[in-house]
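Undergrad:
Numbering (full-length UniProt numbering), first residue to last: 1 to 500.
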């Protein structure tokens with residue numbers, strides 16, 4: 001046996017020994033059937049929605065109660081075993097990618113709606129409740145939960161809290177952080193914690209916003225109290241076509257500048273509209289270079305007035321065609337294309353990588369044109385869909401993960417989109433999180449001092465750094481190496497990007 005084979009055999013033996021140790025500890029606190037460690041059982045947990053990166057977990061725990069979650073965390077903390085919490089696995093940044101020597105903590109069984117208070121307009125739910133299920137349960141009271149990610153039929157509220165998810169209506173109604181009142185759960189050491197309050201304010205430091213969007217790095221959330229709002233009496237949607245992406249981008253800025261805050265304001269380019277129209281037949285204009293979906297909701301009088309104002313702004317901005325939904329069925333049909341952008345892209349490509357940067361609204365056309373140049377540079381197609389109202393981009397780079405060269409080009413393509421977004425005054429993520437996908441890009445946006453401050457917050461909650469380690473915050477060594485690579489490749493072309 002040569003040296004590499006000997007090293008691999010040693011690693012396998014160490015892994016098996018560690019696995020046996022963890023299984024023995026967790027079997028004491030979990031019922032039979034709530035622990036998986038054979039490869040055929042753990043393989044389904046090897047990735048989230050970012051399928052380009054995979055890693056089988058050493059062990060998967062499936063607790064059924066908060067007590068069991070606490071016991072699992074205490075056992076793992078005592079053994080210094082990394083823990084990665086997982087919901088429905090719909091995330092798109094590798095946030096739920098397992099640790100090779102750790103435990104994946106599946107919270108799928110925490111799927112109960114614990115209570116709805118129609119007077120206070122709140123719902124108390126377990127972390128594994130699906131986003132859409134909250135609105136379905138609240139519908140009987142004329143209420144709903146506003147944040148609506150495209151994956152809302154499957155994604156869980158715990159995952160929404162971890163990523164601070166938004167959706168097509170986040171422009172008017174806000175992100176998860178604006179619609180959650182309280183979360184409770186456990187630290188890495190198994191200590192119970194609660195942040196926020198059902199009251200207007202909570203005593204002590206307001207750490208709720210720190211927890212929301214922390215990507216499972218600070219605590220494991222098991223229960224969430226959300227705000228509910230009344231369902232609007234009427235909603236109508238405008239579909240506006242443009243023969244030029246710059247006109248469409250300028251139209252977005254013009255709508256906001258007119259003092260209008262639509263319930264939803266989304267943009268799709270020509271490749272994306274072609275993909276979704278073939279999939280759901282939403283009635284999109286396939287001759288347009290870009291289309292905008294602009295929604296108004298409220299009382300019938302409010303909607304009529306706002307639709308009229310938006311239509312005029314869009315015409316003045318150069319819209320070549322405007323269609324307004326005539327009834328609820330047509331409104332839902334207009335939105336069906338946008339909601340199915342990701343699966344539609346999956347029909348035309350073996351794989352896709354969905355990026356998630358934000359830019360100032362006035363730069364929408366600039367980033368689209370820059371992405372078109374990158375398509376030529378990396379010889380890969382890209383279809384674009386935007387939460388245009390708040391400048392959140394979702395370019396979907398189409399590639400074949402079975403081709404190593406295509407995967408490499410895709411990664412470089414995505415990284416350059418993020419770099420250019422930062423150079424334009426934006427950020428590397430809007431709602432999908434950093435996970436493992438954007439670790440290098442964090443080096444582009446933040447200075448070493450800023451990253452160290454983030455690590456300080458992490459250590460304050462999780463001193464041993466056992467919760468979701470290796471995600472979100474890159475090491476300084478990683479940033480230094482990435483900076484050298486960019487300089488060698490001539491990729492730092494913008495004076496406002498850091499030089500590491």
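Yeah, the Cβ is synthetic: ideal placement off N, Cα and C, and Gly gets one too. Computed from a predicted structure; not experimentally measured.
So, with DSSP's three-state summary, where would you put residue 46?
TA: Note: residue 46 maps to coil in three-state DSSP.
Undergrad: Do residue 160 and residue 269 have their beta-carbon atoms positioned less than 8 Å apart in this structure?
TA: No, Cβ-Cβ distance for residue 269 and residue 160 is not below 8 Å.
Undergrad: Taking the C-alpha atoms as reference points, what is the distance between residue 229 and residue 146?
TA: Looking at the two C-alpha atoms, the distance is approximately 7 Å.
Undergrad: Within its chain, find whatever has a CB closer than 6 Å to the CB of residue 468; leave out the 5 residues flanking it on each side and keep chain order.
TA: 84, 216 and 217.
Undergrad: What would DSSP say about residue 264, mapped onto helix, strand or coil?
TA: Looking at residue 264 - three-state DSSP - the assignment turns out to be strand.
Undergrad: If you pair each beta-carbon of the segment 245-258 with each one of the segment 359-378, do three or more pairs fall below 8 Å?
TA: Because the criterion of three Cβ pairs below 8 Å is met, the segment 245-258 and the segment 359-378 touch.
Undergrad: If you follow the beta strand (DSSP E) that residue 126 is in, where does it begin and where does it stop?
TA: 122-126 is the span of the beta strand (DSSP E), which, as asked, contains residue 126.
Undergrad: Three Cβ pairs or more, each shorter than 8 Å: is that satisfied between the segment 434-444 and the segment 478-490?
TA: Cβ pair count under 8 Å is three or more, so yes.
Undergrad: In or out: residue 173 buried (at least 16 other Cβ within 10 Å) or exposed?
TA: Burial call: buried.
Undergrad: Which of the three DSSP states, helix, strand or coil, is assigned to residue 497?
TA: Caution is warranted here: a pLDDT of 48 is assigned to residue 497, below 50, making its placement in the model unreliable, and the coordinate value is therefore given only provisionally. Residue state, collapsed to three classes: coil.
Undergrad: If you draw a straight line from the C-alpha of residue 370 to the C-alpha of residue 376, how long is it?
TA: If you take the alpha carbons of residue 370 and residue 376, they lie about 10 Å apart.
Undergrad: Can you find the residues in the same chain that come closer than 6 Å, C-beta to C-beta, to residue 233, ignoring five residues on each side of it along the sequence?
TA: Cβ neighbours of residue 233 beyond the five flanking positions: 299.
Undergrad: Do residue 26 and residue 72 have their CB atoms nearer than 8 Å?
TA: Closer than 8 Å, so yes.
Undergrad: Go ahead and pull the three-state DSSP assignment for residue 278.
TA: Of the three classes helix, strand and coil, the one that applies to residue 278 here is helix, per DSSP.
Undergrad: Should residue 493 be labelled buried (16 or more other beta-carbon atoms within 10 Å of its own) or exposed?
TA: Because the pLDDT of residue 493 is 43, which lies under 50, any placement of that residue in the model is unreliable, and the number read from its coordinates should be weighed accordingly. Result: exposed.
Undergrad: How far does the beta strand (DSSP E) with residue 354 in it reach, from first residue to last?
TA: Segment 351-354, the beta strand (DSSP E) holding residue 354.
Undergrad: Just to confirm, are residue 103 and residue 76 a CB contact at a threshold of 8 Å?
TA: Yes; because the gap between Cβ atoms is below 8 Å, this pair is in contact.
Undergrad: Is it right to say residue 387 is buried, meaning 16 or more other beta carbons lie within 10 angstroms of its own, or is it exposed?
TA: Its Cβ being crowded by 16 or more others within 10 Å, residue 387 is buried.
Undergrad: Would you grab the beta carbon distance between residue 462 and residue 187 for me? Rounded to a whole angstrom, and I think it's under 8 Å.
TA: Contact flag correct, Cβ pair sits at about 7 Å.
Undergrad: Give the range of the beta strand (DSSP E) segment to which residue 105 is assigned.
TA: 103-106 is the span of the beta strand (DSSP E), which, as asked, contains residue 105.
Undergrad: Please tell me whether residue 355 and residue 408 are closer than 8 Å, where the distance is taken between their beta carbons.
TA: Not in contact: residue 355 and residue 408 (Cβ atoms no closer than 8 Å).
Undergrad: Could you tell me how far apart the beta carbons of residue 239 and residue 323 are, in whole angstroms, since I believe they sit closer than 8 Å?
TA: The Cβ separation is near 5 Å, so the contact holds.
Undergrad: Classify residue 446 as helix, strand or coil using the three-state DSSP reduction.
TA: Residue 446: coil per DSSP, three-state reduction.
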